[in-house]
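K.L.:
Residue numbers (the working numbering), protein chains in the order written: chain A, 1 to 113; chain B, 1001 to 1112.
Heads up, the beta-carbon is just placed ideally off N, CA and C, and yes, glycines get one too.
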Amino acid sequence: DQQVKQNSPSLSVQEGRISILNCDYTNSMFDYFLWYKKYPAEGPTFLISISSIKDKNEDGRFTVFLNKSAKHLSLHIVPSQPGDSAVYFCAASDGNYGQNFVFGPGTRLSVLP
Amino acid sequence: KAGVTQTPRYLIKTRGQQVTLSCSPISGHRSVSWYQQTPGQGLQFLFEYFSETQRNKGNFPGRFSGRQFSNSRSEMNVSTLELGDSALYLCASSLTRYNEQFFGPGTRLTVL
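#1: Please list the partners that K101(A) has in chain B, where partner means a Cβ-to-Cβ separation under 7 Å.
#2: If you run the structure through DSSP and keep just helix, strand and coil, what is L1112(B)?
#3: Please confirm if the segment 1001-1010 of chain B is in contact with the segment 7-19 of chain A, defined as three or more CB-CB distances below 8 Å between the two stretches.
#4: Considering only DSSP beta bridges, list what T1005(B) is partnered with.
#5: Please report whether the beta-carbon of P1025(B) lies at a distance below 9 Å from any beta-carbon of chain A.
#6: Leaving out five residues before and five after S1024(B) in sequence, what residues of the same chain have Cβ atoms less than 6 Å from its Cβ?
#7: Excluding sequence positions up to five away, which residues of its chain have a Cβ less than 6 Å from the Cβ of S51(A)?
#8: Between the segment 1008-1028 of chain B and the segment 1090-1107 of chain B, do at least 3 Cβ pairs fall closer than 8 Å?
#9: Could you tell me whether the segment 83-95 of chain A touches the segment 103-110 of chain A, where touching means 3 or more Cβ pairs closer than 8 Å?
#10: Among the residues of its own chain, which have a CB less than 8 Å from the CB of G43(A), if the five just before and after it don't count?
#11: Rounded to the nearest angstrom, what separates L66(A) and E1048(B) at their Cα positions?
#12: Give me the DSSP bridge partner(s) of D76(A).
#13: Measure the alpha-carbon distance for K1013(B) versus L1081(B) and round it to whole angstroms.
#14: Just to confirm, is the Cβ distance from R1070(B) to F1050(B) under 9 Å?
#15: Let me check one thing: in DSSP terms, what residues is M29(A) bridge-paired to?
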């Protein structure tokens, strides 16, 4: 059973608009979450993280929101740019296990010019 | 600062053979983790090494093993290769066990 789910395999957004990528988790012990971006033929690149003591973290065009009661987090990209087109992975950890992050299956974002 | 490097980038093996993949973390990073990425399963955690000791292990058979050297470089070994082992193997390093990870480009293993 997948502990981290990204129910949208793909998403298309117009350049300049907002991209919202969603992630749901089932393990209530998860307390640290990350988003990674992956281009073809490259390893994932860390984007932004959030710990469970916060409900929002912002870094430039990227904002991550965490709703612990719903076990849901989302990544907002505003404004979306064509270079943002990639696969986005959500990952979660319960902290006690160090680097044992559980990854979602990924969402492919296409930003159309 | 140089990123995480992995060698080789591509590898073709046949069933039953064994393979060793290498990972050099970012200078100063002491934690190295390995992941397997397949189209069907996504990114799955293999194991984590810190200070030359395996700290965590994912749900993979004993054919998958690894080690870390005193300079934090890491190797992973897969013995008795199976067709299902064909995947992209990613190595990630982090400063400590609780920082964000930086990934290498991966080694694409094809088992024929």
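P.N.:
Reading it off the structure:
#1: In the first sequence, the residue the question calls residue 101(A) occupies position 101. The sequence as given places Phe at residue 101(A); Lys does not occur at that position. F1045, listed in chain order.
#2: Taking the second sequence and counting its residues from 1, the one referred to as residue 1112(B) is at position 112. Three-state result, L1112(B): coil.
#3: no
#4: Reading the second sequence from its first residue, position 5 is the one you call residue 1005(B). Answer is S1024(B), bridged to T1005(B).
#5: In the second sequence, the residue the question calls residue 1025(B) occupies position 25. With 9 Å as the cut-off, P1025(B) does not count as an interface residue toward chain A.
#6: Stepping through the second sequence from its first residue, residue 1024(B) is reached at position 24. Once the five neighbours on either side are set aside, the close Cβ partners of S1024(B) are T1005 and R1073.
#7: The residue labelled residue 51(A) in the question sits at position 51 within the first sequence. Once the five neighbours on either side are set aside, the close Cβ partners of S51(A) are Y32.
#8: yes
#9: yes
#10: Translated into positions along the first sequence, residue 43(A) becomes position 43. Excluding positions up to five away in sequence, the list is empty.
#11: Residue numbering aside, residue 66(A) sits at position 66 when the first sequence is read from its first letter. Residue numbering aside, residue 1048(B) sits at position 48 when the second sequence is read from its first letter. The alpha-carbon atoms of L66(A) and E1048(B) are separated by roughly 26 Å.
#12: Within the first sequence, numbered from 1, the residue matching residue 76(A) stands at position 76. Checking the sequence, you will find His at residue 76(A) rather than Asp. For H76(A), which the question treats as bridged, DSSP gives the partners I20(A) and T63(A).
#13: Counting from one through the second sequence, the residue named residue 1013(B) turns up at place 13. Counting from one through the second sequence, the residue named residue 1081(B) turns up at place 81. For K1013(B) and L1081(B), the distance between alpha carbons rounds to 8 Å.
#14: As a working note, residue 1070(B) is residue 70 in the second sequence. As a working note, residue 1050(B) is residue 50 in the second sequence. According to the sequence provided, residue 1070(B) is Ser. The question's Arg does not apply to it. No, these two residues do not count as a Cβ contact at 9 Å.
#15: Looking up residue 29(A) in the first sequence gives position 29. None, per the DSSP bridge assignment.
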